[in-house]
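These notes concern the structure reproduced below.
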């Protein structure tokens, strides 16, 4: 369908079609907004004593309900986690986030054209400006977070962690079933938008029940016969133990018991069976033990880089203190110490779990930078960065074939990446490249050590977070009362939980020295900005990378040397970095502007995993795994044993590392997920991806297949 200005009748029909597709839009009047507000206020009143309230919403609609939850919660002291589930934006109708000076609302049209969407958005805008003008700023904040049309969960954090919105895009039943049940913080209430009410099947209803508190209820909009919504659907919800309410029928004096009930014991048992089935299927992947209220400041973090800083921040947003131990005089002196680092997602032709994880992680990290740099005056810590985009090009025939497979493998959302020809690439880079590429418009570069410092500074504002610099932890030991950390002349502890996030030293302790992870040396050259080279306007990634100038220097790199013998400056690697650029962009005049005559460079070590996923989760007890393996190996029964038995771990010890060369993209989300685990909160990753991140995965993959270690 194409809507053209000279076809007013077609536009009118298209507009009416949108209204019919999205009944929530047709109900955005003063009556509905008032009823919605009453319902939401009662939900918050009923749970005013909870520190964290988890709510679910099926359908995004035009964004009005989401914004109203946010607005209603804005004056409350408790934290809110709102999980919104919306069908596949790529296969179904490719979600479009519209923004210009006159529009502010999120819409989700089935059509790619903007004209029809703007008609709906303008109508909603007028209503909201008239009845709920204070939603406008929230809508602007939401759109500034740049949620993208990708499958899976995107976590958006606002108000220093007081408001968190998880946007789950994709088949609703798949998204619901992929999540872990959180017994400490289950979903307390569901709001189901009417345009999706009848698309939910009984399996979806039970998955909602599995994730819910025993007394959770469902509210929707318009259950009367005139609305055309099926009473059969209501009965199916009731068959899963839910009470279903119609927001339009709420009265001002209707009691709050509307949203508090206890379902039949048989139905509760059915929910518990579903949870037990999940637990059994993923028993091999143990999760963090939850902190008790008596141990609110007993988390220790070893490390002073990006991962440890962001873990401290994610914990602090939950009111959880931590003590961070760094062996250096300043934060970010290891792999996080580079002047500039590229930030963009890692994509694969198949858009597999690795690709999907990095898209979500990259967007999360980008939002972190924005939040830390847009804090109110006086609360900011500068982070040098520029989201100028990243332009990826090939450097030989093999890399061209690989890049072509990625480009052609998926209908990538344009906000993630899109192909450009040679002329467009030249225009983006502002220097001649004369070759096509793949452009990541939301990517760019960030100063890693400033990013880490800003995260720590914010964490210290929010909670009891302390940093011990010049503190080299040489050993760790587990006692009956917790973990102790030892230096040459000090002993710290006990700590209920200990996280190893110490980068290149991740394997230095007896409890972690068997982790399947490798150190790679990287030398980054610092090149003076001059002549044509100084005009570079985007990050170039080919055989190596080159950044736009920052404080008069470009970063060019990086070498990749496994298990290095030393970390001294290497003249050969300096020249190799230059040769990589010549190989990537041959015969370009600006290459002559790269001055490598000096020895200006920085050397660091990245810890790399074979499958490129970070490590996040419980520290595996490798000695116990090998011991158990002697009794359970190479048989069908052994595969069942490893599938249904929690893998051995060190109690209270966790790993956060293996970020490789893309830690700027992956580190903050990995830290957020570990913090959620430690605090018993819903995790913004599906169960399969959590298995991919688990530090024990290399052994368990073989054991689950009945292969020899």
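Residue numbers (this note's numbering): -14 to 694.
Glycine residues also receive a C-beta, built at the ideal position from the N, C-alpha and C atoms.
- Short of 8 angstroms from the beta carbon of residue 533, and not among the five residues preceding or following it, lie these beta carbons of its own chain, in chain order: 371, 373, 430, 521, 522, 523, 524, 539.
- Rounded to the nearest whole angstrom, the CA to CA distance from residue 146 to residue 64 is 7 angstroms.
- Annotation for residue 45: no beta strand (DSSP E) segment contains it, and DSSP assigns it neither H nor E.
- Annotation: the continuous beta strand (DSSP E) that includes residue 198 extends over 197 to 205.
- If you look at residue 652, you'll find it in the alpha helix (DSSP H) that goes 648 to 663.
- For residue 460, the enclosing beta strand (DSSP E) starts and ends at 460 to 464.
- Here residue 529 is bridged, per DSSP, to 527.
- For residue 448, the secondary structure class from DSSP, reduced to helix, strand or coil, is coil.
- Under the three-state reduction of DSSP output, residue 467 falls in the strand class.
- Taking a C-beta distance under 7 angstroms as the contact criterion, residue 394 and residue 334 qualify as a contact pair.
- Straight-line spacing of the CA atoms in residue 186 and residue 230 works out to 18 angstroms.
- Residue 635 sits in a strand when the DSSP states are folded into three classes.
- For residue 71, the secondary structure class from DSSP, reduced to helix, strand or coil, is strand.
- In this structure, residue 507 and residue 544 form a Cβ contact; the two beta carbons are roughly 6 angstroms apart against a cut-off of 8 angstroms.
- About 23 angstroms separates the beta carbons of residue 652 and residue 468, which is beyond the 8 angstroms limit, so they are not a contact pair.
- Checking the DSSP bridge columns, you'll see residue 149 partnered with 66, 142.
- Residue range 621 to 629 is occupied by the alpha helix (DSSP H) that includes residue 627.
- A check of alpha carbon separations from residue 204 across 22, 291, 314 identifies 22 as the nearest.
- Distance from the CA atom of residue 190 to the CA atom of residue 256, rounded to whole angstroms, is 11 angstroms.
- Residue state for residue 540 is assigned as strand, using DSSP reduced to three classes.
- Under the 10 Å beta carbon count, residue 595 is surrounded by fewer than 16 other beta carbons and is classified as exposed.
- DSSP places residue 488 in the helix class (H, G or I) of the three-state scheme.
- Looking at 369, 167, 354, 271, the one whose alpha-carbon comes closest to that of residue 129 is 354.
- Under DSSP, residue 503 shares a beta bridge with 593.
- The residue among 554, 345, 578, 611 with its C-alpha nearest the C-alpha of residue 584 is 554.
- Counting along the chain, no beta strand (DSSP E) covers residue 384; the unbroken alpha helix (DSSP H) around it starts and ends at 382 to 394.
- If you look at residue 494, you'll find it isn't in any beta strand (DSSP E); DSSP assigns it neither H nor E.
- When DSSP states are grouped into helix, strand and coil, residue 430 belongs to the strand group.
- Here residue 286 is not near residue 440, since their CB atoms are 7 angstroms or more apart.
- One thing to note: residue 663 has its Cβ no nearer than 7 angstroms to the Cβ of residue 268.
- Between the stretch 401 to 408 and the stretch 492 to 507, the count of Cβ pairs shorter than 8 angstroms is below three; the stretches do not touch.
- Taking 8 angstroms as the upper bound for CB-CB distance, residue 303 and residue 660 are in contact here, some 6 angstroms apart.
- Taking one beta carbon from each stretch, the stretch 345 to 360 and the stretch 609 to 625 have fewer than 3 pairs nearer than 8 angstroms; the two do not touch.
- Leaving aside the five residues that flank residue 253 on each side, the residues in its chain whose CB is nearer than 8 angstroms to its CB run, in chain order, 199, 226.
- Classified as buried, residue 151 has 16 or more neighbouring CB atoms from the shown chains inside 10 Å of its CB.
- Secondary structure at residue 409: helix, using DSSP grouped into helix, strand and coil.
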